[in-house]
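In the working numbering, the protein residues as written are 6 to 70.
Every residue gets a Cβ at the ideal spot worked out from N, C-alpha and C, and that includes glycine.
Fair warning: this is a prediction, and the values are worked out from it, not measured in the lab.
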Amino acid sequence: MKLVVNGSPLEVDAGDLAAALAALDYGDAKVATAVNGAFVPAAARASRVLADGDRIEIVSPRQGG
6 MKLVVNGSPL EVDAGDLAAA LAALDYGDAK VATAVNGAFV PAAARASRVL
56 ADGDRIEIVS PRQGG
C-alpha cells in the first residue's frame, strides 16, 4: 500500500496503523501518531484501518530544557 510517512512516500505492507508501525520498525517505541491529520491514540492503532494514500505522522518524544 502506498502511504506518506512523515512527508515521504513509502510502500508499506500493512492494513492498520499498528501493523504499519511494526513494518516501519517502530515496534513498541513510545511515539505519537496521526493519520490524515487526526491524532490516533496508542490503544486505537490496531483498529485504525489504512487506505492507499493515507498520510501518517509519527513523532517521538524529546527531552530537553
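As assigned by DSSP and simplified to three states, the class of residue i
| i | result |
| --- | --- |
| residue 65 | coil |
| residue 43 | strand |
Contact check, residue i vs residue j, beta carbons under 8 Å
| i | j | result |
| --- | --- | --- |
| residue 51 | residue 45 | no |
| residue 22 | residue 55 | yes |
| residue 8 | residue 59 | yes |
| residue 19 | residue 28 | yes |
Segment limits, alpha helix (DSSP H) that includes residue i
| i | result |
| --- | --- |
| residue 27 | 22-28 |
Range covered by the beta strand (DSSP E) that runs through residue i
| i | result |
| --- | --- |
| residue 37 | 37-40 |
| residue 55 | Counting along the chain, residue 55 falls outside any beta strand (DSSP E), and DSSP gives it neither H nor E. |
| residue 17 | Counting along the chain, residue 17 falls outside any beta strand (DSSP E), and DSSP gives it neither H nor E. |
Own chain, CB closer than 6 Å to residue i, minus 5 neighbours either side, in chain order
| i | result |
| --- | --- |
| residue 37 | 64 |
| residue 57 | 6 and 7 |
Beta-carbon contacts of residue i that lie in its chain and below 8 Å, excluding the five residues immediately before and after
| i | result |
| --- | --- |
| residue 81 | There is no way to answer for residue 81, as the model of the chain reaches only from 6 to 70. |
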